[in-house]
Structure formats: structure tokens, C-alpha cells
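Asker:
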Amino acid sequence: MKHIFIINPTAGKSDQTKHIAAMVNKIFIEEAVEGTYRIEVTKGVHDATDIARHYAMSNEPVRIYSCGGDGTLNEIVNGIVHHENVELAPVPIGSGNDFVKSFGSQAMDAFLNLKELIKAPARKIDLLEVNGHFSINVINIGLDSSIAQNMVRFKRLPFISGAKAYDISVFYCFLTSIKNHFELIADGIRLPHKNYTFAVMANGQYYGGSYRAAPCSDMQDGLIDLVLIPSVSRLKILQLMNVYKRGEHLQKQYQKIVHYRQCHEVQVEAEHEINVCIDGEIKQLKNPKIIVHQQHLKLIVPSIENKTL
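Take any residue in the sequence shown, note its place counting from 1, add 41, and you have its number in the numbering used here.
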């Protein structure tokens, strides 16, 4: 098997290329790992997709290590989707690293342990798709997509982490309108509201640096976790924010504000193109349709004491 380490040098606060390359070289020499390895460094946007697709199309068994954040992971997913010969291993060195948080509080350390990650088995997980774009974690629209769009600006500031950038962006976006006009159809059922604060279609549990939007999400159940907040006041959103961050918003006392269901397909209808946030990346799409592909990707999952898989 080939082991391909795709490193995004701009992920996180500093370039980790030399550090990761040194660890990989040492592990393969000392551990006598079976197979060959190669280190690839991205040079720009979508480079990770092109590199991953190149190795996926070889039809040889390959394990690709996504050394970056959620954006790098998303790029690689879109390069390897539909290729059965590829296994994907996240190495979370980005600013947010939301995807791996679904695997528990010990997940970050486990996924950063390259020695163990190289030996870990693959598990099949679901993927989401929206108008031809694939998501491994969360798709969101409305206020959330505006927050994600502005978050990119704030996380470039010195000493601002991914989670802190998200919080700053929340308050910045509150200065504009938080009402969004679109309708939703879930598994053929048209939902009653026409104005929303935001809507989340989740495969994983976390996004925005630390918000546990879909605490019940299971990446192997073949279902989309749909979390909706119809148009409400800014005060209501502020009151809900910490509850939402902790993943407690699905409790009974919040059912008048937060709507939750599981489904296989979500159709969004709007008069114009809308911003759709796909694993933190913004796309402008007309009437986006979100579907789930059950157990469509081979994910490397290290041994984690409190993992969900």
C-alpha cells in the first residue's frame, strides 16, 4: 500500500511541513512500515483535490493522510470520492479541526499520533453531497454560512484561534440582518417555515470551532441530521448560543426555537443563489439539494477511548 501525506503549509498558525516530514521519515525507517510513502505539499486552493485525485485514479491501494484543517480534508474528500482503493486519515493541524471532535474528547491527540494512525484500521462512513460537492462533516446555510464566510477574515488575525474567530464573526454578523428567506423540503415533506435564521445538515457533530450542532449524529446511519432555527430575535439567538455550543439545544425546553429531524434528502428553495457552507468552504448555489451516501468513504480511525465509531 502507498501512504501519501498531503500537507497544507498554511493550515493552523505555523507551517508544520518540516515537523510532519521528519516524523514520517522516522516512523517509516524505524517501524519498517509495509509499503511506500510520499510527502506532497500543497501550493494553493484545490491543490489537495488534484493531488488526491491523481493517486486515487491509480487504482492501487493508497492511504491518504490529510495534514491540515477541515478545508484541506474537504478538498481531499472531493478528490477521492467514489474510489474504493483509497483510505483517508485526518491529521488535524488546522485552526478548527471540527471533524475529528465527533470522535470524543481524546480524538485530537489520537489522530495526531502518526505512529498509531499509520497502523489503524479503516471504517466506512457516510458522506453528504450538495449539487455535486461532497461534505464529510457539516453543510449549513443562513446566518451560519455568513459567519463562516467572515470567520476566514478574523482567523488570520494574530493570536485568534479558529474557535475565537468564529465567536467574533458571530457578533459581527449580528450587526446585519439575521433573517434568511428560503423554504425546505425534507424527504418530500415541505416544512412550514419560510424564514430561517439558519439550517444545518450534519454528518458530523461539530462545526465553527467548538459548536456541537448535531449531538445525535452518527456517521454510519445513512441519515442527515437536520437542525433548524426559524427566524427569531437576536436576543433569542444570544440566549441559545452557549446551550448550542454544549450540544444541549435538542432538549425539550428548546423545542419551540430549535427544530430537529433526521432524513435522507433536503431540498432548499430560494429566489436567488444562496451561500452554502460545505465543511467551512463557501459556495454560491441555486436551490441546493443535499443527499446522503451511506458508508461511502473509508476513514482511518485510531484507537480512542470514547470514540463514537
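Where is the CB? At the ideal position from N, CA and C, for every residue including glycine.
Quick check on the DSSP output: the beta strand (DSSP E) that includes Leu129 runs from which residue to which?
Answerer: Taken as a continuous stretch (DSSP letters only), the beta strand (DSSP E) holding Leu129 covers 127–133.
Asker: For the beta strand (DSSP E) containing Ser107, name the first residue and the last one.
Answerer: Segment 103–109, the beta strand (DSSP E) holding Ser107.
Asker: In whole angstroms, what separates the C-alpha of Ser146 from that of Ser272?
Answerer: Rounded to the nearest angstrom, the two C-alpha atoms are 33 Å apart.
Asker: Please confirm whether Asp167 and Gln335 have their CB atoms less than 7 Å apart.
Answerer: Contact flag set, yes.
Asker: On the premise that Asn316 lies in contact with Gln325, defined as a C-beta separation below 8 Å, what is that separation, rounded to the nearest angstrom?
Answerer: Sure, about 6 Å apart at Cβ, within 8 Å.
Asker: Can you look up His60 in the DSSP assignment and give me helix, strand or coil?
Answerer: Residue state, collapsed to three classes: helix.
Asker: Under three-state DSSP, which class holds Arg79?
Answerer: Strand.
Asker: In chain order, which beta strand (DSSP E) runs of at least 3 residues are fully inside the segment 297–329?
Answerer: DSSP runs (the beta strand (DSSP E)) wholly in the segment 297–329: 300–304, 306–310, 315–319, 322–326.
Asker: Would you mind giving the Cβ-Cβ distance between Lys43 and Val122, rounded to the nearest angstrom? I have them listed as a contact below 8 Å.
Answerer: About 18 Å separates the two Cβ atoms, so there is no contact after all.
Asker: Could you please give the first and the last residue of the uninterrupted beta strand (DSSP E) stretch that includes Val171?
Answerer: Its beta strand (DSSP E) spans residues 163–171.
Asker: If I measure Cβ to Cβ from Asp185 and keep anything under 7 Å in the same chain, skipping five residues before and after, which residues do I get?
Answerer: Within the same chain, Asp185 has close Cβ partners Phe239, Val241, Cys318.
Asker: Which residue or residues does DSSP assign as beta-bridge partners of Met98?
Answerer: According to DSSP, Met98 bridges with nothing at all.
Asker: Please report how far the alpha carbon of Phe175 lies from the alpha carbon of Cys304, in whole angstroms.
Answerer: Spanning the two alpha carbons is a distance of roughly 17 Å.
Asker: Between Ala93, Lys220, Val211, which has its C-alpha nearest Lys196's C-alpha?
Answerer: Cα-wise, what sits closest to Lys196 is Val211.
Asker: Per DSSP, what kind of secondary structure is Gln147 in: helix, strand or coil?
Answerer: If DSSP states are grouped into helix, strand and coil, Gln147 belongs with coil.
Asker: Should Gly85 go down as buried or exposed, given a rule of 16 or more other Cβ atoms within 10 Å for buried?
Answerer: Gly85 is exposed by the Cβ-count criterion.
Asker: Secondary structure at Asp266, three-state DSSP: helix, strand or coil?
Answerer: Correct three-state label for Asp266: strand.
Asker: Run through DSSP, which three-state label would Asn236 get?
Answerer: Strand, per DSSP.
Asker: For Gly183 and Lys286, what's the separation of their Cα atoms in angstroms?
Answerer: Cα-Cα distance, rounded: 18 Å.
Asker: So, helix, strand or coil for Val333, using DSSP?
Answerer: Note: Val333 maps to strand in three-state DSSP.
Asker: To the nearest angstrom, how far is it from the Cα of Asp56 to the Cα of Asn49?
Answerer: Spanning the two alpha carbons is a distance of roughly 8 Å.
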